[in-house]
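Written below as structure tokens is the structure these notes are about.
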Amino acid sequence: MKILKEFESFIMRGNVIDLAVAVVIGTAFGKIVSSFVNDILMPPIGLLLGGVNFSDMSFVLKQATDSSAAVVLGYGAFVQSMVDFLIISASVFAVLKFVNVFIAKKQETKTPEPTGEEKILMEIRDILKEK
168 MKILKEFESF IMRGNVIDLA VAVVIGTAFG KIVSSFVNDI LMPPIGLLLG GVNFSDMSFV
228 LKQATDSSAA VVLGYGAFVQ SMVDFLIISA SVFAVLKFVN VFIAKKQETK TPEPTGEEKI
288 LMEIRDILKE K
């Protein structure tokens, strides 16, 4: 029973719940970005490059035989994964940039005015620095 109590306290920590929510949202966001890249972004790029479908681009290293399958280097899927990564990275950067600006503005407005006692201590500090 003690192990169940420890597990419950572990799960109910705020960080674990926040992480779980982030993983779920990140997974959904990854699917959206993959769909955007595969279904919206790459077809026009492939069309501009002469009707190329990136997911089908590959290089055959060894032809298939009766006893073995072909060895294929699928670099088109890699190109699409790289585009996915760049879009996700740019999106996360933009969101974090926005959040940092928002937090900075919030912190600027929260700077408290020094109390009378703090003002006197700062004056004493300044006098001591002059000597």
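With positions in the sequence shown counted from 1, the corresponding number in the working numbering is that position plus 167.
Where is the CB? At the ideal position from N, CA and C, for every residue including glycine.
Remember, it's a predicted structure, so these values are computed and weren't measured experimentally.
For residue i, the first and last residue of its enclosing beta strand (DSSP E)
i      : result
Leu228 : Phe226 to Lys229
Leu171 : Looking at the DSSP string, Leu171 is not in any beta strand (DSSP E); the run it does join, the alpha helix (DSSP H), is Lys169 to Ile178.
Leu208 : No beta strand (DSSP E) contains Leu208, which DSSP labels as neither H nor E.
Supposed close pair residue i, residue j - CB separation, criterion 8 angstroms
i      : j      : result
Pro203 : Ile255 : Pro is not the amino acid found at residue 203; the sequence shown has Phe there. With a Cβ gap of about 10 angstroms, Phe203 and Ile255 do not count as contacting.
Asp251 : Val200 : 6 angstroms
Phe174 : Val183 : Not confirmed; about 11 angstroms, so no contact.
Rounded C-alpha distance that separates residue i from residue j
i      : j      : result
Asp223 : Ile207 : 16 angstroms
Ala231 : Val238 : 7 angstroms
Asn220 : Lys198 : 20 angstroms
Phe226 : Leu215 : 21 angstroms
Lys273 : Asn267 : 10 angstroms
Leu240 : Val188 : 36 angstroms
Gly193 : Lys229 : 38 angstroms
Met168 : Leu186 : 26 angstroms
Ala271 : Arg180 : 27 angstroms
Phe260 : Pro210 : 25 angstroms
Three-state secondary structure (DSSP) of residue i
i      : result
Val219 : coil
Own chain residues within Cβ distance below 7 angstroms of residue i, not counting five before or after
i      : result
Ala244 : Ser222
Tyr242 : Met224, Ser225 and Phe226
For residue i, the first and last residue of its enclosing alpha helix (DSSP H)
i      : result
Lys296 : Gly283 to Glu297
Contact set for residue i: own chain, Cβ-Cβ below 8 angstroms, skip 5 residues either direction
i      : result
Pro281 : Met289
Ser258 : Phe196 and Val200
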